[in-house]
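Here's the structure we're looking at; comments come further down.
In the numbering used here, the protein residues as written are 26 to 674.
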């Protein structure tokens, strides 16, 4: 049956008045209520056929549910509401409806007129019955006030608080109306609840209070809550977290990425205000043993750490359940900004060598993590001790050696760079026999797995080397500028023979072909399982560098070919091509950049003499990568200077 007919059935009683009197509204709401009352549905506007809620084919429970929705969504007259309300109370309830009362439905729909009628009807049985309806909780533990807050209906909140001033204090646990208003950002409603309540509950889910919600959303609301009740700052949730724990876990800015470029906007996190209210939460651990400074270090919130150390300097040395300081945590979570802050702050030099429950310093942990940036920060600080042993008797040098895999690995991996750098810094081994160290702490060799891994890697790299060899072979017979016709005296020779750029192109193309061919041969051997594993490793190591060199040389030959053809007519385009290809030529040297950073850190600790060893290594690597470039550009110039007039350009 259509809802309109259901309302008509309910309105069969007409609009005859009985003794019930409506509860008067608060003065501020009289005009609003009068305007809403003008839209009430009259029973005379519907047909009066049928008895109330006697609908064919519908069970009493379904009729009850339909009537609840009807009352909530239509502004009925008082007598219509009374008739339907009395019928609903006589029907059985169903747990499928979540324990919601008729008032819950009306409040959820924002129907203040019907809500006033329903509360008036309950008032017929006395104030106690009406109070019981106002405080009635559904299965989620929510009252009518929760629904009014969720809708941000100021009039409804004012009406409910006017007649039940302790309505916001009925919850000792769970989500209070104030917590709901704060978490939804309805600050005006939160203040209305506070001003209209004699006894106020600040509780929220999972043991939180309203301050837990406000510190993540609004500095203004946080200040108000601290003004109302400072003790909220010291209360913990079920995880042992105070509002300060939550506040320090939030970055002080948020970012939005547009086309890979981040745009930042500052966030107001009230850490300073929380510490002004109470400093004790800074020294309170959560259930996992982490203090607020550990949480901030874990999330990389440097500003929070700075505020904590300024207000509570003693929290710098706090240890968590594993004996770790905030510096240990920052190293484990690879928070470079926090480690830089600790290394540059001279007041924190006393924590740089603190050891955790396993005896590990921050330097031990960064070697385990293999982070070159953080390792460089610690190495560059002269206060960091290089020779402290952990509970296993391992110094940072011992640990670095034990982390290098015995099987195949590229020389320029992070672990190898860390090991070489700490050796250059003259770090010492621990008091443990070298044979026992290698036996107990070194990585074990897995020959079968290494052989399979080497075969797969060779199969991948050989694709690139074969493609380069194919391209360079074809380019040798399709020189830029073309060839002379057969009827020419030098038929079949390049038209641009004798030009500097063509000779440079031929040399670059030849070197790229030789490089890629050598790499292909090496990769074929390194992929053969029956060849000795040590030989396969040597072949693969050499082939990786050779393939990279052949690719860079191929890029040079491409630039020379385009320049040879375009430069005579368009110098600007030729220059753009050269600059674009220079990216390929210089690409693939991130390891050199990392080594230069470590050399700079070593220079800050021990001077240029020792850091020069790393610089020499970098120069040798660059020489091996680019030795062909002097040959490509120098040899044609030399030949051209000794063959002037022998060939036509």
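Beta carbons are placed, not taken as given, at the ideal position from N, Cα and C, and that holds for glycine. These numbers come from a predicted model, not from an experiment.
In whole angstroms, what separates the C-alpha of residue i from that of residue j?
i           : j           : result
residue 662 : residue 478 : 46 Å
residue 551 : residue 582 : 29 Å
residue 568 : residue 653 : 16 Å
residue 238 : residue 212 : 12 Å
residue 257 : residue 159 : 27 Å
residue 355 : residue 399 : 10 Å
residue 558 : residue 490 : 22 Å
residue 488 : residue 481 : 12 Å
residue 385 : residue 414 : 8 Å
residue 271 : residue 647 : 49 Å
residue 183 : residue 171 : 13 Å
residue 169 : residue 157 : 11 Å
residue 301 : residue 102 : 55 Å
residue 347 : residue 174 : 44 Å
residue 397 : residue 275 : 26 Å
residue 502 : residue 645 : 35 Å
residue 594 : residue 640 : 43 Å
residue 455 : residue 578 : 47 Å
residue 233 : residue 263 : 7 Å
residue 659 : residue 665 : 10 Å
residue 357 : residue 205 : 37 Å
residue 361 : residue 325 : 8 Å
residue 248 : residue 123 : 36 Å
residue 333 : residue 255 : 19 Å
residue 380 : residue 350 : 8 Å
Nearest by alpha-carbon distance to residue i: which of the options is it?
i           : options               : result
residue 458 : 488, 476, 417 and 429 : 417
residue 449 : 570, 349, 332 and 404 : 404
residue 369 : 655, 247, 270 and 407 : 407
residue 155 : 137, 181, 171 and 188 : 188
residue 519 : 223, 609 and 589      : 589
residue 679 : 499, 441 and 423      : Not covered by the structure: residue 679. The range shown for the chain is 26 to 674.
residue 191 : 335, 336 and 221      : 221
residue 444 : 627, 201, 227 and 249 : 627
residue 442 : 475, 454, 395 and 455 : 395
residue 338 : 579, 242, 325 and 305 : 305
residue 525 : 667, 640, 465 and 275 : 667
residue 617 : 383, 438 and 455      : 438
residue 178 : 131, 149, 265 and 194 : 131
residue 382 : 353, 358 and 492      : 353
residue 166 : 451, 185 and 199      : 199
residue 527 : 425, 241 and 592      : 592
Just to confirm, are residue i and residue j a CB contact at a threshold of 7 Å?
i           : j           : result
residue 537 : residue 571 : no
residue 392 : residue 430 : no
residue 146 : residue 128 : no
residue 388 : residue 409 : yes
residue 273 : residue 329 : yes
residue 586 : residue 655 : no
residue 267 : residue 309 : yes
residue 12  : residue 606 : The structure shown does not extend to residue 12, since the chain is modelled only from 26 through 674, so no value can be given for it.
residue 341 : residue 376 : yes
residue 209 : residue 181 : no
residue 547 : residue 564 : yes
residue 243 : residue 201 : no
residue 428 : residue 440 : yes
residue 235 : residue 218 : no
residue 483 : residue 447 : no
residue 269 : residue 250 : no
Name the DSSP bridge partner or partners of residue i?
i           : result
residue 547 : DSSP lists no partner for residue 547.
residue 338 : According to DSSP, residue 338 bridges with nothing at all.
residue 228 : 234
residue 317 : Answer is none; residue 317 lacks a bridge partner.
Checking contacts by CB at 7 Å: is residue i closer than that to chain D?
i           : result
residue 453 : As a matter of chain content, chain D is missing from the structure shown, which is built from one protein chain.
### Query
Is it a yes or a no for the region 607-627 touching the region 522-532, going by three-plus beta-carbon pairs under 8 Å?
no
### Query
Contact between the region 371-378 and the region 304-315: three or more CB pairs below 8 Å?
no
### Message
Within 8 Å, do at least three Cβ pairs link the region 592-602 to the region 620-633?
### Response
When Cβ pairs closer than 8 Å are counted between the two stretches, the region 620-633 is seen not to touch the region 592-602, the count staying below three.
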